[in-house]
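To start, the structure itself, in C-alpha cells.
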Amino acid sequence: VQWTAEEKQLITGLWGKVNVAECGGEALARLLIVYPWTQRFFASFGNLSGATAIIGNPKVQAHGKKVLTSFGEAVKNLDGIKNTFSSLSELHCDKLHVDPENFR
Numbered sequence: 008v009q010w011t012a013e014e015k016q017l018i019t020g021l022w023g024k025v026n027v028a029e030c031g032g033e034a035l036a037r038l039l040i041v042y043p044w045t046q047r048f049f050a051s052f053g054n055l056s057g058a059t060a061i062i063g064n065p066k067v068q069a070h071g072k073k074v075l076t077s078f079g080e081a082v083k084n085l086d087g088i089k090n091t092f093s094s095l096s097e098l099h100c101d102k103l104h105v106d107p108e109n110f111r
C-alpha cells in the first residue's frame, strides 16, 4: 500500500485518539456477541455464555487490547504494513487454523 504524506498524517492523528485497551476489548466482545460462531476460536478464554460474561471476561479484554496494539504497530510502520501483519497472518492461518476469509 502506498500512502500519501497527508494520508499518513490523518491515520496517525486519528490513531492517536484511540484508547487501545477500552476499544480493543469492546470490539472483540462485540464480535463474539454479534457473531457467536466466532467463540469457537476462543474456547480457552473460559466463560463466553452470554453478553455479560463476554464483556466481563478478562481474557477477552486482554486479547482485544493485544489486537489493537498490533494495529498501532502497523500505524507506526505504514510503509511496511504488509510485513507488520505477515507473522500474525501466518500464526492465525497455520497454527490457529482460522480461515483467512474471516479477516476480509
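Start counting the sequence shown at 8; every next residue gets the next number (the working numbering).
Virtual Cβ for every residue (Gly too), placed ideally from N, Cα, C.
Just so we're clear, the structure is a prediction, and the values are computed from it rather than from any experiment.
Check whether residue i and residue j have beta carbons under 8 Å apart
i, j, result
"residue 35", "residue 46", "no"
"residue 53", "residue 64", "yes"
Of the listed residues the options, nearest to residue i (C-alpha basis)
i, options, result
"residue 8", "51, 21, 91 and 59", "91"
"residue 103", "51, 21 and 14", "51"
"residue 60", "20, 84 and 33", "33"
"residue 22", "95, 100, 12 and 78", "78"
"residue 15", "37, 43, 44 and 88", "88"
Supposed contact pair residue j and residue i - C-beta distance, whole angstroms, cut 8 Å
i, j, result
"residue 98", "residue 25", "With 8 Å as the limit, residue 98 and residue 25 do not qualify as a contact, their Cβ atoms being about 23 Å apart."
"residue 82", "residue 18", "6 Å"
"residue 55", "residue 49", "7 Å"
Own chain partners of residue i with C-beta closer than 6 Å, once the 5 adjacent residues on each side are dropped
i, result
"residue 10", "85"
"residue 42", "none"
"residue 93", "none"
Chain-order list of residues whose beta-carbon lies under 8 Å from that of residue i (same chain, five-residue window excluded)
i, result
"residue 73", "31"
"residue 80", "91"
Close Cβ partners of residue i (< 7 Å) along its chain, the five nearest in sequence each way excluded
i, result
"residue 62", "36"
task = Evaluate contact between the region 63-78 and the region 23-30, counting only Cβ atoms and requiring at least three cross-stretch pairs below 8 Å.
result = By the criterion of at least three beta-carbon pairs nearer than 8 Å, the region 63-78 is in contact with the region 23-30.
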